[in-house]
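Q:
Protein chains: 4
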Amino acid sequence: MHRDRHFTLSASCPDRVGIVARVSSFIAEHRGWILETSLHAEPPAEGEALGRYFMRIEIRTSSLPFHLAEFRERFRPLADELEMEWTITDSAVKKRVVVLVSKQEHCLYDLLARWQSKELDIEIPCVISNHDTFRGLVEWHGIPFHHVPVNADNKAQAYAEVARIFEEVRGETMVLARYMQVLSPQLCAAYAGRIINIHHSFLPSFVGAKPYHQAWAKGVKLIGATCHYVTADLDQGPIIDQDVIRIDHSDSVEDMVRYGKDIEKMVLARGLRYHLEGRVLVHRNKTIVFR
Amino acid sequence: MHRDRHFTLSASCPDRVGIVARVSSFIAEHRGWILETSLHAEPPAEGEALGRYFMRIEIRTSSLPFHLAEFRERFRPLADELEMEWTITDSAVKKRVVVLVSKQEHCLYDLLARWQSKELDIEIPCVISNHDTFRGLVEWHGIPFHHVPVNADNKAQAYAEVARIFEEVRGETMVLARYMQVLSPQLCAAYAGRIINIHHSFLPSFVGAKPYHQAWAKGVKLIGATCHYVTADLDQGPIIDQDVIRIDHSDSVEDMVRYGKDIEKMVLARGLRYHLEGRVLVHRNKTIVFR
Amino acid sequence: MHRDRHFTLSASCPDRVGIVARVSSFIAEHRGWILETSLHAEPPAEGEALGRYFMRIEIRTSSLPFHLAEFRERFRPLADELEMEWTITDSAVKKRVVVLVSKQEHCLYDLLARWQSKELDIEIPCVISNHDTFRGLVEWHGIPFHHVPVNADNKAQAYAEVARIFEEVRGETMVLARYMQVLSPQLCAAYAGRIINIHHSFLPSFVGAKPYHQAWAKGVKLIGATCHYVTADLDQGPIIDQDVIRIDHSDSVEDMVRYGKDIEKMVLARGLRYHLEGRVLVHRNKTIVFR
Amino acid sequence: MHRDRHFTLSASCPDRVGIVARVSSFIAEHRGWILETSLHAEPPAEGEALGRYFMRIEIRTSSLPFHLAEFRERFRPLADELEMEWTITDSAVKKRVVVLVSKQEHCLYDLLARWQSKELDIEIPCVISNHDTFRGLVEWHGIPFHHVPVNADNKAQAYAEVARIFEEVRGETMVLARYMQVLSPQLCAAYAGRIINIHHSFLPSFVGAKPYHQAWAKGVKLIGATCHYVTADLDQGPIIDQDVIRIDHSDSVEDMVRYGKDIEKMVLARGLRYHLEGRVLVHRNKTIVFR
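Residue numbers (the UniProt record's numbering), protein chains in the order written: chain A, 1 to 291; chain B, 1 to 291; chain C, 1 to 291; chain D, 1 to 291.
1) When DSSP builds the beta bridges, which residues end up paired with N197/C?
2) According to DSSP, is G18/D helix, strand or coil?
3) 9 Å is my cut-off, CB to CB: does T8/C come that close to chain D?
4) Could you round the C-beta distance between D235/D and G271/D to whole angstroms and report it? I think they count as a contact, below 8 Å.
5) Taking only beta-carbon positions, decide if M1/A is within less than 9 Å of chain B.
6) Give the range of the alpha helix (DSSP H) segment to which L137/D is assigned.
7) Give the straight-line distance between the Cα atoms of R72/D and L111/A, rounded to the nearest whole angstrom.
8) Do the stretch 254 to 268 of chain A and the stretch 189 to 209 of chain A make contact, defined as three or more Cβ pairs closer than 8 Å?
9) Use the C-beta contact count for T226/B: other C-beta atoms within 10 angstroms, 16 or more gives buried, fewer gives exposed.
10) To the nearest angstrom, how far is the alpha carbon of V282/D from that of A209/A?
11) Shorter than 9 Å from the beta carbon of S12/A to some beta carbon of chain B?
12) Using a cut-off of 8 Å between C-beta atoms, extract the partners of S117/D located in chain B.
13) Within the present structure, is the beta-carbon of S250/A separated from the nearest heavy atom of the ligand HEM by less than 8 Å?
14) If I follow the unbroken beta strand (DSSP E) through D80/C, where does it start and stop?
15) Quick one: residues in its chain with C-beta nearer than 8 Å to the C-beta of A92/B, no 5 flanking neighbours on either side, listed in chain order?
16) Using 8 Å as the threshold, is the stretch 137 to 145 of chain A in touch with the stretch 73 to 86 of chain A, meaning 3 or more CB pairs across them?
17) Could you please tell me which residues of the stretch 220 to 237 of chain D, in chain order, have their CB closer than 7 Å to any CB of chain C?
18) Given that a residue counts as buried once 16 or more other Cβ atoms are within 10 Å of its Cβ, and exposed if not, what is T87/C?
19) Report yes or no: is there a C-beta of chain B within less than 9 Å of the C-beta of L183/A?
20) Taking Cβ-Cβ distances shorter than 7 Å, what residues in chain B pair up with I247/A?
21) Taking contact to mean 3 or more Cβ pairs, one atom from each stretch, closer than 8 Å, check whether the stretch 99 to 107 of chain A and the stretch 170 to 182 of chain A are in contact.
22) Distance, Cα to Cα, G18/A vs S24/D?
23) Check the C-beta distance from R194/C over to E172/C and give it rounded, since I have them as a contact under 8 Å.
24) Are the C-beta atoms of S24/C and some chain B residue less than 9 Å apart?
25) Pull up the DSSP beta-bridge partners for K286/D, would you.
26) Check the C-beta distance from K155/B over to I122/B and give it rounded, since I have them as a contact under 8 Å.
27) Measuring straight from C-alpha to C-alpha, what distance separates R291/D and T37/D?
28) Would you tell me roughly how many angstroms separate the C-alpha atoms of R96/C and F66/C, rounded to the nearest one?
29) Which first and last residues belong to the beta strand (DSSP E) in which V98/A is found?
30) Is V162/C helix, strand or coil by DSSP?
31) With M266/B as the anchor, note down where its beta strand (DSSP E) starts and where it stops.
32) Tell me which residues share the same chain as S12/D and place their Cβ nearer than 6 Å to its Cβ, disregarding the 5 neighbours each side in the sequence.
33) Is the distance from the Cβ of A50/A to the Cβ of F202/B below 9 Å?
34) Exposed or buried, D153/C, counting other C-beta atoms within 10 Å across all chains shown (16 or more means buried)?
35) Measure the Cβ-Cβ separation of A192/C and Y159/C and say whether it is below 9 Å.
36) So the candidates are T133/B, S10/B, G237/B; which of them puts its Cα closest to the Cα of A189/B?
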């Protein structure tokens, strides 16, 4: 990696001969300096004629004779011809990430530390929580804090309020940093591919509540955490990243919770970074992650 | 670890005050030199009054004034008083391990290499296979090879034949080194806690056939292998050891199969060693593994 | 692990027959309920007649008829007879941990998060830093912050001031949470076995300054972090814990710094916990760590 | 990965605008179907004007209207213009790998197992050893075995003989599968970038003899293995791959040796595969490894 200002093109299209040649020639014609290129050809699924091609290209901004708007305009004809789905972003424009949290501290502190040091070079326009626990910490950092209680009776209003705040602050990505509520299907659908959750198990094992209790009962020898996009299907969205840690018979559920926190915050931060840098492309219910 | 000849006492009993004092005093009275001690107190499950205590003690043989038979006789009253389940073995007596294999080579070669170098200091009285593929390799090593075909119609006879051979060669442990058949419930019951399998997934995910295909379809970012005791409940027996390896979107099912082989053979060898050294104690459907 | 109040006995003595019997019988006589026992026999080094025996025992406080002072008094004759070095601590008495930090945030935030949630059940009587960067954050948490600048000319006074503050707040353990100064030999000697550092390499590789630059130049494929006791010999003290993370050719020094932070904070927190729970016993320049 | 027959182009050249465009356009002009592309830009070192660009491209053979010789001829002008160092190979032509071994079995068995199952789709024209230990096993596999003893007095002749055999069997890659002799500088120079060694430590720690003893003495908490190209500078050649495994205070040197074997054989096989698939490009004393 590097620190130069750059545009990031993330794209996919039906596979065919010459995609890389066409795209890289377009960039070369404008004397664009490519900093990083990642490519992946997904073979056709059974019964399909064509596979799908995925790419992510970083181009140094200063090497191009024009800016983002003009890049988009000039690139569009080629993208249309290749039937591309594509986005292009500017590394100088900070992504706006809204953090949702409940009463567990580890992911929140971790994200704040990374934000404070600019390791994670984002805006956090606000933190939303169903508890008031972390108001002080968040506000001390100069970040607005919204307490939106959620209970069995007010779910519809509560999630409407979450959506309203998210819109109001022009949120782009929503991070569930151990937010212990199941979002409504409406919210999941409205922000598909933009809500990232950390689940405290190595999915697909131990879906749902109390996964460490489930892991303890099963007697597994490693526990894990999974960062994934949220869909209406609980803990079944496309997996972005996972990791595990070794445990043994002497570890209680409480020990697992403690070990798990280290994995959770690391995997969430890693998955979030991949997402923000345009490294994650969703294909059906799976992800291509260009690390 | 060390190489001195030793007795290994593996035991469990209801938890109470003074267990370690009683057992270690017994050993000290006879001037027994303890080489290694591992202890674990399992707390009572919900609704139970007492937990259970587990121990594994290695005593240098030459430090004791008597041999295994007399140790057993003298220790029995104390064991009875503590309501112990216990075994004691002599490191100088090689364990007899029967290996079952199908057509995949990696676990078989790996076990033969460890046996050849005495890293795994066992007897392999024979290898049994449902295919004739590895007869040459096995026999070259001076180990008898039995081809016992298994098909939809002959399962009962086939497993009776496996059991007959196992008894005939006085097998103690049966290792399914990627043996691609489901053993009969009778066989599982007859040798409970003595049959070790390697399953090519990180259980409890991806039970049954073609776990790498399942893993690919799910889009997980790590794949694993699980060494476990075989029970009549497919891939649900007590887990002895597990491990994982990182994959990404560019890996096909064939790549996963290839990566997986490295994990499978390593985890199987590790689990088998723990078992043979008396390090694994089963408690309900879980294991205590004194590494 | 468990949460019951307990005493922790950590001890070592020359190896001989009957150590466990003697110590566990002492505990059993007083009806002490043992929660956890870890034992290790270190074989004699070349030219030595005797090895050394190490133990760590947790006893439930409520099971004993007396408290810590009386335990000490009653246990002393046995400990003397066995020529033991030993400590016993009470889980209900919080350890006093002074944190030293410079300008990097990750270990500090991480420790504060663990302290805030009582995952790490300690007192932090103060934070000391050679920069004023984190005064606000630390004081917001209600923890006193001392700015003790260090430069080429004032080292003696600066470290005298650190020692003075440490004594004044009755510090027990000093944690260098990426404190980027080399402590004086006097300080190292005065608090031997009580100062814990995190070094940002997999020691013994890449001692001293800029280890990630060294790692980059060498082209290693994994980078690591090492938690160790501080001695006068730079980065050479007894190692408590280590871990690594995979990198590749595409990672710059800046990427390594970023990945490394995740490993550093995790390894430091783990090593600190082991130390605080009496799990670490130093033997020559190595550690026994009862996990 | 995939199984279609393909050409693999591995190349590097001074970095400039348009490299990917030029190369991929060349391939597209001939309707070449790209199966896999990996690219890396190495920034200029201090004092250099230009960085260096690295690429590896797999093209499906059947998509091209010509074969390897013609590909080379047609591609050469472009390669010359870009000042490229390049190779192109055909996946249908098996690489010829000569294995050197001493008395330890694990890497040899492992390579034979992978060769037997075609997981590693290579020719092994012969095995060379300074001991006669594995003649039977190797010859049983139908592979010629050469015993070339090495001692203090005959080194020059012995290595001349190794080189002679290697030439005679048209060896392409030489694998030191725990070959416990230091090759002569002449041999290292003659086959630079073609001799792969597995060193039983996490380099740069513990260079030279008995690295597990060194690791034990230092008290590290992880041990490792390193696969690298052999150069005249002992254990200092470009690193291809590394891995580690956790140990603790209870592990003796013998335990480390045993654990280490699992890592050694896995890392060696991984590094060898990367090398054979044209995934490793050497840049100064480091490697780019396109996994």
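Where a beta carbon is used, it is the ideal one built from N, C-alpha and C, also for glycine.
A: Straight from the coordinates:
1) L176/C, H228/C
2) coil
3) no
4) That pair is no contact at about 14 Å.
5) Confidence is the limiting factor: at M1/A the pLDDT is only 49, short of 50, which leaves the residue's position unreliable, though a coordinate-based value still follows. Chain B, which has no Cβ nearer than 9 Å to the Cβ of M1/A, makes this no.
6) 135 to 140
7) 52 Å
8) yes
9) buried
10) 49 Å
11) no
12) Q104, E105, H106
13) Looking at this structure, you won't find the ligand HEM or any other ligand, since it has none at all.
14) Where D80/C is concerned, there is no enclosing beta strand (DSSP E), although the alpha helix (DSSP H) it sits in stretches over 68 to 81.
15) R5, T61
16) no
17) V220, K221, L222
18) exposed
19) no
20) Neighbours of I247/A on chain B: none; closest Cβ ~10 Å, over 7 Å.
21) yes
22) 7 Å
23) 7 Å
24) yes
25) H283/D
26) With 8 Å as the limit, K155/B and I122/B do not qualify as a contact, their Cβ atoms being about 28 Å apart.
27) 11 Å
28) 25 Å
29) 97 to 101
30) helix
31) Where M266/B is concerned, there is no enclosing beta strand (DSSP E), although the alpha helix (DSSP H) it sits in stretches over 253 to 276.
32) R52, F54, E85, L281
33) This sequence places Leu at residue 50/A; Ala is not what is there. Not in contact: L50/A and F202/B (Cβ atoms no closer than 9 Å).
34) exposed
35) no
36) G237/B
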